[in-house]
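Each residue of the sequence shown is one higher than the one before, counting from 1 in the UniProt record's numbering.
We treat Cβ as the ideally placed atom computed from N, Cα and C, and that holds for glycine.
This structure is a prediction, so every number in the text was calculated from the model and none was measured.
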Amino acid sequence: MLLALSSVMNLSHIASCGKALFGFPNRPLVGNLRTLTLLSFSSSQCCSSSCRMFPPSKDLDGLLPLTRKTQKPGLRRWEEARSFSILATQATATNSKQSLFFADAGIQRATELRTDSAWLASAFSRKDALVVPMIGMKNMVNSGKAVYISPSSLPGIGHGDAIFLGLSEDKLPIFVVNVEDLSSTDEVKEALDKGAEWVDVKKYGPSLSAYEAGLLAYARGMIEWHSRHQHCGRCGSKMEMSEAGHSLKCTNSDSCGRLSYPRMDPAVIMLVTCGNYILLGRQARWDLGRYSLLAGFVEIGETFEMAVARETKEEAGVTVESDSVRYESSQPWPFPSSLMVGFHCAAVKNKCEPYNGLEAHGDAVPVGIERVPEVDEVNALPRPAVDVHELEDAKWIHRTFLNAVLLGEPLPHGQVFNVPGNYAIANRLMQSWVKAENARDVQWAGSEVPTVDIDEGTFKYVLINIEDDQGHQKLLVRGRKALPYHSDIFEQTRKSLKELGLNLQVSQLGGGRIDHNPDQRTLLVYSSSQAFGQADHTVTSALLRQAYALHTFTISWDP
């Protein structure tokens, strides 16, 4: 079961500029680039993650190398930092100050008062007591604020008919009452006349303060629990309210007398990573481009860790490293009664030989780097095999792509992608992972140079390497429809870097052609350069995948 909360209030990103997203270094790659046709793994603009999102351990060592050897002795090729690293950290820091939505932040439940009938009667009669009105499963709001009414406005309703929620931050008693049969009362009518409306708090919640979103969700959850438990599950007799609405007792006291209490259904939600990629899925009923983390309910006899592994395998066909599952955080989701428990975990990688950039692959110009982790990461990705009854699609998404989505940056050539907003635990897990991984990146002069900058249609491209005097390196892909020669593309790139004031060594690593169809979401990398020789299309395609998560990639080694 994919997390349903991803269907509400998502961060939508519809863009036409390819540079904005990839103005930061995104080295890791996606897809099996050694094959002629590269499967896109149904990847969407979402989060990408690394198996080192957890604190370093011997089980995870080596999954995301931070150093790279080059041909030149003594020089180290560091994992490039993303230029959005600082921004992502700031966004996450701001987000972390917000209370988790749909949790009762600031509400004192005052459980000791639930059995104090005298206190409850006195509290319900107070003029400053607050009643959360509900009709069915809808709450009343007005201009982003919850609407409360007074107990005195509800004829025939006493404290025994209201559910006591607790005390407000100002110590005011708060109750919830279903006013469906009392909707014509003066205060309700007056509120509606002033612009109030009945809303689904699951969708409207992010427009409220975290406190009121939590309070209204709590109120709705209690009302829904009562509506689902009107009769005894053992004997079928009517149930009556006790403990100020926090328990129900069977009225058949002679032979039953069963007590029922509100309970939460635990569900796991997992950030499944492999190198710098994260596994995201979508349901067919969701809006275009919407993806979220995998999730599902815990079954009887399971631990949370077992549920994480089972759900990931069932929904996406991906096996999880059993010792990699780590708890992160939780979020109540009372629609009707779930508790989302968030985890990080690592997928079992495909076994593959390291991609040696010092060797010439066919007629391609060697990249000049002993290890090309971008290609290794792509080849290590296990191919998702979705359960069509659960998911429409599942894809591996690169971290830099996710970083841009979380920051609301435009995506290249009109790609449409969205993930849950920061009201949701799914977003929190993504933010946490991106922040931790970005903090590991090394900042240098080339960090903010776009990795990918290409046009659409058919055009020539050049694979380029930039390097500073300390050995930091970065691979770039540049393609221009308006420039007729590979040498023109290379010189334009050198000139633009110089204009930015960057003192970098710039070298070409061959060229070729690209056919880019944004509408069909396809990228074909092929051909060679008469002036520079043939670029390593495997490396090129891997870099392109960082920017075009939804595309299908094909490479051809024909000249």
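*Roughly how many whole angstroms lie between the Cα atoms of residue 532 and residue 319?*
Position 532 of the sequence shown holds residue 532. Position 319 of the sequence shown holds residue 319. Their backbone Cα atoms lie some 43 Å apart in a straight line.
*Kindly indicate which residue of 193, 427, 228 and 401 has the alpha-carbon position closest to the one of residue 415.*
As a working note, residue 415 is residue 415 in the sequence shown. Selected option, being the one with the closest Cα: 401.
*asked:* Less than 8 Å between the beta carbons of residue 191 and residue 175, yes or no?
replied: If you number the sequence shown from 1, residue 191 lands on position 191. If you number the sequence shown from 1, residue 175 lands on position 175. Not in contact: residue 191 and residue 175 (Cβ atoms no closer than 8 Å).
*Taking the Cβ atom as the reference point for each residue, do residue 481 and residue 457 lie within a distance shorter than 8 Å?*
Locating residue 481 in the sequence shown gives position 481, counting from the first residue. Locating residue 457 in the sequence shown gives position 457, counting from the first residue. Closer than 8 Å, so yes.
*For residue 164, which option in 241, 264 and 229 has the closest C-alpha, if you only look at C-alpha atoms?*
Looking up residue 164 in the sequence shown gives position 164. It is 241 whose Cα lies nearest to the Cα of residue 164.
_My output table needs one value for residue 577: the three-state DSSP class, helix, strand or coil._
Outside the displayed range of the chain (1 to 559) lies residue 577, so it cannot be described from this structure.
*Mark residue 327 as exposed unless 16 or more other C-beta atoms lie within 10 angstroms of its C-beta, in which case mark it buried.*
Taking the sequence shown and counting its residues from 1, the one referred to as residue 327 is at position 327. Classification of residue 327: exposed, given that the 10 Å Cβ count is below 16.
*Taking C-beta to C-beta, are residue 473 and residue 365 nearer than 8 Å?*
Working through the sequence shown from its first residue, we reach residue 473 at position 473. Working through the sequence shown from its first residue, we reach residue 365 at position 365. Cβ atoms of residue 473 and residue 365: not closer than 8 Å.
*Anticipated Cβ contact below 8 Å, residue 423 with residue 206, distance rounded*: In the sequence shown, counting from the first residue as 1, residue 423 sits at position 423. In the sequence shown, counting from the first residue as 1, residue 206 sits at position 206. At roughly 4 Å, the Cβ-Cβ gap stays under 8 Å, so residue 423 and residue 206 are in contact.
*Nearest residue (CA-CA) to residue 574, options 237, 273, 143 and 160*: Beyond the ends of the chain as shown, which are 1 and 559, falls residue 574; an answer cannot be given.
*asked:* So, for residue 392: in the same chain, excluding its five sequence neighbours on each side, which residues have a beta-carbon less than 7 Å away from its beta-carbon?
replied: Here the question's residue 392 lines up with position 392 in the sequence shown. Excluding positions up to five away in sequence, the list reads 282, 283 and 284.
_Going by DSSP, what residue range makes up the beta strand (DSSP E) through residue 560?_
In the structure as shown, the chain starts at 1 and stops at 559, and residue 560 therefore has no counterpart that could be examined.
*By how many angstroms is the C-alpha of residue 351 removed from the C-alpha of residue 465?*
For the purposes of this step, residue 465 is identified with residue 465 of the sequence shown, where counting begins at 1. For the purposes of this step, residue 351 is identified with residue 351 of the sequence shown, where counting begins at 1. Taking the straight line joining both Cα atoms gives about 28 Å.
*asked:* Are the CB atoms of residue 120 and residue 219 within a distance shorter than 8 Å?
replied: Walking along the sequence shown from the start, residue 219 turns up at place 219. Walking along the sequence shown from the start, residue 120 turns up at place 120. No, the pair does not count as a contact, with Cβ atoms beyond the cut-off.
*Roughly how many whole angstroms lie between the Cα atoms of residue 135 and residue 427?*
Here residue 135 refers to the residue found at position 135 when the sequence shown is read from its first residue. Here residue 427 refers to the residue found at position 427 when the sequence shown is read from its first residue. So the two alpha carbons sit approximately 30 Å from each other.
*With 16 other CB atoms within 10 Å as the buried threshold, where does residue 228 fall?*
Along the sequence shown, one-based indexing puts residue 228 at 228. By the 10 Å Cβ count, residue 228 comes out exposed.
_Whole-angstrom distance between residue 180 and residue 234, CA atom to CA atom_ = As a first step, residue 234 must be located in the sequence shown, where it is residue number 234. As a first step, residue 180 must be located in the sequence shown, where it is residue number 180. Each residue's Cα considered, the two are about 29 Å apart.
*Is the distance from the Cβ of residue 216 to the Cβ of residue 146 below 8 Å?*
Within the sequence shown, the letter at position 216 stands for residue 216. Within the sequence shown, the letter at position 146 stands for residue 146. Yes.
*Alpha carbon of residue 158 to alpha carbon of residue 151, nearest angstrom*: Numbered from 1 along the sequence shown, position 158 holds the residue referred to as residue 158. Numbered from 1 along the sequence shown, position 151 holds the residue referred to as residue 151. C-alpha separation (whole angstroms): 8 Å.
*Cβ separation of residue 293 and residue 429, assumed to be a contact under 8 Å, to the nearest whole Å*: Within the sequence shown, the letter at position 293 stands for residue 293. Within the sequence shown, the letter at position 429 stands for residue 429. Yes, residue 293 and residue 429 are in contact; Cβ-Cβ is about 6 Å, under 8 Å.
*Three or more beta-carbon pairs under 8 Å between the region 519 to 533 and the region 482 to 501, yes or no?*
yes
*Evaluate contact between the region 544 to 558 and the region 514 to 531, counting only Cβ atoms and requiring at least three cross-stretch pairs below 8 Å.*
yes
*If you draw a straight line from the C-alpha of residue 537 to the C-alpha of residue 528, how long is it?*
Counting from 1 along the sequence shown, the entry for residue 537 is found at position 537. Counting from 1 along the sequence shown, the entry for residue 528 is found at position 528. Approximately 9 Å, taken between the alpha carbons.
*Close Cβ partners of residue 559 (< 6 Å) along its chain, the five nearest in sequence each way excluded*: On the sequence shown, position 559 is the one that residue 559 refers to. Hits under 6 Å: 528.
_Within the region 274 to 304, ranges of the beta strand (DSSP E) (whole runs, at least 3 residues)_ = 277 to 282 and 294 to 297
*Roughly how many angstroms separate the alpha carbons of residue 56 and residue 238, rounded to a whole number?*
Residue 56 sits at position 56 when you count from the first residue of the sequence shown. Residue 238 sits at position 238 when you count from the first residue of the sequence shown. Only weak support exists for where residue 56 lies, its pLDDT of 30 falling under 50; the value from the coordinates is given anyway. Those two C-alpha atoms are separated by around 56 Å.
*Residue burial classification, residue 166 (beta-carbon count within 10 angstroms, cutoff 16)*: Here residue 166 refers to the residue found at position 166 when the sequence shown is read from its first residue. Residue 166 should be labelled buried.
*Taking the alpha carbon of residue 149 as the point to measure from, which residue in 514, 277, 358 and 178 has its own alpha carbon closest?*
On the sequence shown, residue 149 is found 149 positions in, with the first residue counted as 1. Selected option, being the one with the closest Cα: 178.
*Check the DSSP bridge columns for residue 460 and list the partner residues they point to.*
If you number the sequence shown from 1, residue 460 lands on position 460. 480 and 513, per the DSSP bridge assignment.
*Kindly examine the ligand MG and report whether one of its heavy atoms sits closer than 7 Å to the Cβ of residue 198.*
This structure lacks the ligand MG, and indeed carries no ligand of any kind.
*Ends of the alpha helix (DSSP H) at residue 496?*
Position 496 of the sequence shown holds residue 496. Here the alpha helix (DSSP H) through residue 496 covers 486 to 499.
_Under 8 Å, with one C-beta from each stretch per pair, do the region 335 to 348 and the region 295 to 308 reach the 3-pair mark?_
yes
*Candidates 114, 130 and 312, of which the one nearest residue 170 by Cα*: Walking along the sequence shown from the start, residue 170 turns up at place 170. Checked all of 114, 130 and 312; the closest Cα to residue 170 is 130.
*Rounded straight-line distance, which links the Cα of residue 404 to that of residue 502*: One-based indexing of the sequence shown puts residue 502 at position 502. One-based indexing of the sequence shown puts residue 404 at position 404. Their backbone Cα atoms lie some 24 Å apart in a straight line.
_Beta-carbon contacts of residue 103 that lie in its chain and below 7 Å, excluding the five residues immediately before and after_ = Within the sequence shown, the letter at position 103 stands for residue 103. Around residue 103: 214, 331 and 332.
*According to the neighbour-count rule (16 or more other Cβ atoms, all chains shown, within 10 Å of its Cβ), is residue 513 buried or exposed?*
As a position in the sequence shown, residue 513 is number 513, starting the count at 1. Under this definition residue 513 is a buried residue.
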